[in-house]
Amino acid sequence: NCGGLLTPLGDPPLFMGYLRGVPFEWTFNLLPEWLFVNALTLITYFGLDHLRYSQERPEALQRDESQVDPIRVHGKLNFLFLAVIIAAVALNVPSLDLHAIDAGHATAASWIPWRELLFIAACLGSYFLGDRWARKTGNQFTWGPIIEVAAIFVGIFLTMIPALKFLGQVAPKLPLNDITFFLFSGGLSSVLDNAPTYATFFEMARVLGETSTDTLVAGVPESYLVAISLGAVFCGALTYIGNGPNFMVKAVAENFGVPMPSFGGYVVKSFMFLVPSLLAMMCLFIAEQWWVKVIGAVLTAAIVARALWLVLKHGKASAAAERDA
Numbered sequence: 024n025c026g027g028l029l030t031p032l033g034d035p036p037l038f039m040g041y042l043r044g045v046p047f048e049w050t051f052n053l054l055p056e057w058l059f060v061n062a063l064t065l066i067t068y069f070g071l072d073h074l075r076y077s078q079e080r081p082e083a084l085q086r087d088e089s090q091v092d093p094i095r096v097h098g099k100l101n102f103l104f105l106a107v108i109i110a111a112v113a114l115n116v117p118s119l120d121l122h123a124i125d126a127g128h129a130t131a132a133s134w135i136p137w138r139e140l141l142f143i144a145a146c147l148g149s150y151f152l153g154d155r156w157a158r159k160t161g162n163q164f165t166w167g168p169i170i171e172v173a174a175i176f177v178g179i180f181l182t183m184i185p186a187l188k189f190l191g192q193v194a195p196k197l198p199l200n201d202i203t204f205f206l207f208s209g210g211l212s213s214v215l216d217n218a219p220t221y222a223t224f225f226e227m228a229r230v231l232g233e234t235s236t237d238t239l240v241a242g243v244p245e246s247y248l249v250a251i252s253l254g255a256v257f258c259g260a261l262t263y264i265g266n267g268p269n270f271m272v273k274a275v276a277e278n279f280g281v282p283m284p285s286f287g288g289y290v291v292k293s294f295m296f297l298v299p300s301l302l303a304m305m306c307l308f309i310a311e312q313w314w315v316k317v318i319g320a321v322l323t324a325a326i327v328a329r330a331l332w333l334v335l336k337h338g339k340a341s342a343a344a345e346r347d348a
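Start counting the sequence shown at 24; every next residue gets the next number (our numbering).
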């Protein structure tokens, strides 16, 4: 989620924006926010890793030392097919020209979904030419997690339509600005799936852009687009259903016998370890008041201090456990 902020291929909401006219390279402007949130997340993980490692049993530590498997990459041919998909998006390969079709002056080429055909060709090439051992045995690929996630998200998409329509009706009454666009889009993205939520707020901001004097990107005031993008991408990580791959990772892990937190347990951990970083980012990068930025700086320092405290406190315990092992 947080790592996918820099291109439309990194997260579904940004691809929705790309389809609506946001330039492919525009998301590179979000590099400072990307670096900030991911740096705080890695620092937090570093502290938590020390905490968990200090709680490992001696026999588990011995197994880490004795059972070492070199990292290898199988199925390298798939990088070629991945490059085809990336190029099809980045080079703006045309899809169905819906505008020409709707206007009634479409040519034969307007009816051909060239981009989607390239996607299908890459998938077929990977399936028939790729390393089957890597797919079937190495990855132990099964359709079970995908089917489970698909069934859940069909229900989510069907039930979210009334909620998004209601949002469109009350939008003119909402106090919309950079902060509230981030909070509203982020809050709804965490429970309604972030791609359609992004699209809804994008269209709301586009209406406001008709009377705005600010710099526009695809008809949307740029500051609003930044807030919506940050909210949809980052806050999609707050729950299992905020982004389709979240629940798929859970299903795949459980398929391999790895215990995963419950829905509520995941939310609790998100609020403990991710929400503080997102609030700090909002205060420093989205808010304009100096005192809010001070709060963001203090919160950032607290997050780093917590991680360092975990490292210093449990690092010695980890070293002692290694000596005992």
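Don't be surprised by glycine CBs; every beta carbon is placed ideally from N, CA and C. Only a predicted model underlies this, so the values are computations on that prediction, with no experimental measurement involved.
Own chain, CB closer than 6 Å to residue i, minus 5 neighbours either side, in chain order
i       : result
Gly-33  : Gly-27
Val-290 : Thr-262
Asn-101 : Ser-149, Gly-153
Leu-63  : Ser-300, Ile-326
Ile-38  : Note on identity: in this sequence residue 38 is Phe, with Ile being the wrong assignment. Closer than 6 Å at Cβ, skipping near neighbours: Pro-31.
Leu-215 : Met-183
Leu-333 : Gly-70, His-73, Leu-74
Residue range of the alpha helix (DSSP H) that includes residue i
i       : result
Phe-104 : 101-113
Lys-273 : 267-278
Val-96  : Here Val-96 belongs to no alpha helix (DSSP H), and DSSP marks it neither H nor E.
Asn-162 : Here Asn-162 belongs to no alpha helix (DSSP H), and DSSP marks it neither H nor E.
Asn-72  : The residue asked about is misnamed: residue 72 is Asp in this sequence, not Asn. Run containing Asp-72: 54-77, per the alpha helix (DSSP H) assignment.
Glu-48  : It is not in any alpha helix (DSSP H) - Glu-48 carries neither H nor E in the DSSP assignment.
Glu-311 : Premise fails: Glu-311 is in no alpha helix (DSSP H) and is neither H nor E.
Leu-84  : 81-89
Arg-138 : 137-152
Ala-129 : Premise fails: Ala-129 is in no alpha helix (DSSP H) and is neither H nor E.
Gly-287 : 286-296
Contact check, residue i vs residue j, beta carbons under 7 Å
i       : j       : result
Gly-153 : Gly-98  : yes
Val-60  : Met-227 : no
Ala-325 : Thr-67  : no
Ala-265 : Gly-259 : Inspection of the sequence shows that residue 265 is occupied by Gly rather than by Ala. The answer is yes: Cβ separation under 7 Å.
Ala-250 : Ile-318 : no
Asn-278 : Pro-168 : yes
Ala-255 : Ser-212 : yes
Arg-158 : Phe-164 : yes
Leu-253 : Phe-205 : yes
Ala-129 : Ala-123 : yes
Pro-93  : Ala-218 : no
Ala-145 : Phe-47  : no
Leu-248 : Thr-223 : no
Phe-257 : Cys-25  : yes
Glu-245 : Thr-234 : no
Cys-306 : Val-315 : yes
Ser-77  : His-337 : yes
Ala-106 : Glu-171 : no
Arg-229 : Val-240 : no
Trp-49  : Leu-29  : no
Close beta carbons around residue i, own chain, < 8 Å, minus the five adjacent residues each side
i       : result
Leu-335 : none
Ile-175 : Ile-264, Phe-270
Ser-133 : Leu-119, Asp-120, Ala-123, Ile-124
Ile-109 : Leu-32
Leu-53  : Leu-28, Leu-29, Val-249, Ser-252, Leu-253
Thr-203 : Leu-197
Residue i: CB within 6 Å of a non-hydrogen atom of the ligand ATP
i       : result
Met-183 : Looking at this structure, you won't find the ligand ATP or any other ligand, since it has none at all.
Beta-carbon proximity list for residue i, same chain, < 7 Å, skipping 5 on both sides
i       : result
Thr-220 : Ser-208, Leu-211, Ser-212, Ala-255
Ala-276 : Met-283
Val-116 : Trp-137, Arg-138, Leu-141
Phe-51  : Leu-29
List in chain order: all unbroken alpha helix (DSSP H) runs of 4+ residues lying wholly within the segment 176-250.
201-215, 217-232
Decide yes or no for the touch test of the segment 73-80 against the segment 119-138: beta carbon pairs closer than 8 Å, at least 3 of them.
no
If you pair each beta-carbon of the segment 281-296 with each one of the segment 34-53, do three or more pairs fall below 8 Å?
no
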